[in-house]
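One structure below.
Residue numbers (our numbering): 644 to 857.
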């Protein structure tokens with residue numbers, strides 16, 4: 644495992660929600676970070692079939708474009724009754740004809756698909772959020788960190804916090820969806836904490852423990 648010997652990195656993302664969450668997580672560690680979006684880097688085509696492949700594509704593109712280490716996230720919602728869909732195509736389900744993303748529409752697609760499968764009880768609507776962080780260096784070296792959180796799909800969206808599919812994902816053991824949680828409740832984590840809740844925070848915990856002298 645390679646240690647990160649700088650606190651200057653690129654957040655390899657053009658997704659405002661992801662950039663915000665990653666910034667919240669890395670902020671306490673004294674990072675100086677800019678996003679690929681801020682730097683106007685071209686958004687690479689995500690041609691992978693796994694979260695790991697797509698995370699590497701994004702991180703390596705930003706690392707090579709900047710000459711600095713880059714941290715990317717590829718994440719998605721995996722629903723058992725839908726055979727793992729939308730999975731790596733989570734963002735694609737929200738795409739509209741004009742190229743924008745409508746997650747209210749995407750959550751509606753999920754509910755329609757579940758109803759078609761007869762999945763109407765929590766036991767038949769099990770799901771997990773998956774996040775894979777990739778830390779890449781300009782020389783092509785990468786480190787991967789995978790975090791998952793189990794839960795189920797709520798029957799209707801609840802809450803306006805977070806982003807994406809957060810309003811329909813209710814983590815196991817909680818009565819609220821991610822959309823009803825504050826940022827601190829959803830992914831607040833710091834060294835010394837035994838656990839992290841969100842998939843992204845769990846992946847970030849592994850990143851800290853592996854690559855940082857925190």
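Think of the CB as a built atom: it goes at the ideal place given N, C-alpha and C, for glycine as much as any other residue.
Discussion item. Measuring straight from C-alpha to C-alpha, what distance separates residue 792 and residue 729?
Written reply: The alpha-carbon atoms of residue 792 and residue 729 are separated by roughly 16 Å.
Worksheet entry | residue 758, buried or exposed, once every other Cβ within 10 Å from all chains shown has been counted against 16 | Here residue 758 is exposed. Its C-beta has fewer than 16 other C-beta atoms within 10 Å.
Worksheet item: For the region 767–798, which segments carrying the alpha helix (DSSP H) assignment without a break, of at least 4 residues, lie completely within its bounds, in sequence order?
Response: DSSP runs (the alpha helix (DSSP H)) wholly in the region 767–798: none.
Fill in: residue 770 to residue 814 span [Cα, whole Å]
Between residue 770 and residue 814, the C-alpha separation is close to 9 Å.
Discussion item. Tell me the DSSP secondary structure of residue 739 in three-state form.
Written reply: Note: residue 739 maps to coil in three-state DSSP.
Practice prompt. Sort out for me which residues DSSP pairs residue 651 with in a bridge.
Written response: Looking at the DSSP output, residue 651 shares a beta bridge with 675.
Discussion item. Relative to the C-alpha of residue 591, which candidate in 824, 853, 852, 854 has its C-alpha closest?
Written reply: Because residue 591 is not part of the residues shown, which for the chain are 644 to 857, the question remains open.
Worksheet item: Are there 16 or more other CB atoms within 10 angstroms of the CB of residue 830, so buried, or fewer, so exposed?
Response: Residue 830 comes out buried.
Worksheet item: If we ignore side chains and look at the alpha-carbon of each, how far apart do residue 755 and residue 794 end up?
Response: Near 19 Å, if we compare the C-alpha coordinates of residue 794 and residue 755.
Discussion item. Under 8 Å, with one C-beta from each stretch per pair, do the region 705–719 and the region 644–654 reach the 3-pair mark?
Written reply: Contact between the region 705–719 and the region 644–654 is present: three or more C-beta pairs spanning the two stretches fall below 8 Å.
Worksheet entry | Beta-bridge partners of residue 719, as assigned by DSSP | When beta bridges are read from the DSSP output, residue 719 appears opposite 773.
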